[in-house]
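Inspection log for the structure reproduced underneath, given as structure tokens.
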Amino acid sequence: MLKRLFARFFLRVTGITLRGEPVDGSAVLIAAPHTSNWDFFVMLSFAWMRGIDPKWIGKKELFKGPMGPIMRALGGVSVDRSNASGVADQLA
């Protein structure tokens, strides 16, 4: 409920619109070029407006300190970019 309210507010304030409807029972992939830090909030808003709890990946530095639990609660999965060969194992 609060997530959807945040999403509606954010999208209204920014003027960003969400179009189309996912097919029931199908997977949804939301992808965007990372042009600014606002992309993160756009992705969360799109997912929350559809009632989806997203899973996303981010560099391990985003998960350090007090932000770590918040990022994980928002569906984040940390990856160590210095070990590119182990990313698949980190996501498993």
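In terms of our numbering, the sequence shown opens at residue 85 and continues consecutively.
The beta carbon of each residue, even a glycine, is placed where N, CA and C say it ideally should be.
Remember, it's a predicted structure, so these values are computed and weren't measured experimentally.
Please return the same chain residues whose Cβ sits closer than 7 Å to the Cβ of residue i, not counting the five positions on each side in sequence.
i: Lys144; result: Ser162, Val163 and Asp164
Is the beta carbon of residue j closer than 8 Å to that of residue i?
i: Ala91; j: Trp132; result: yes
i: Leu102; j: Leu95; result: yes
i: Arg134; j: Pro106; result: yes
i: Leu158; j: Leu128; result: yes
Residue i: buried (16+ other C-beta within 10 angstroms of its C-beta) or exposed?
i: Gly160; result: buried
Who are the Cβ neighbours of residue i in its own chain at under 6 Å, not counting the five residues just before and after it?
i: Pro117; result: none
Per DSSP, residue i is paired with what?
i: Gly160; result: Trp140
Can you tell me the Cα-Cα spacing of residue i and residue j, whole angstroms?
i: Ile100; j: Gly142; result: 23 Å
i: Asp173; j: Thr98; result: 37 Å
i: Thr119; j: Ile136; result: 23 Å
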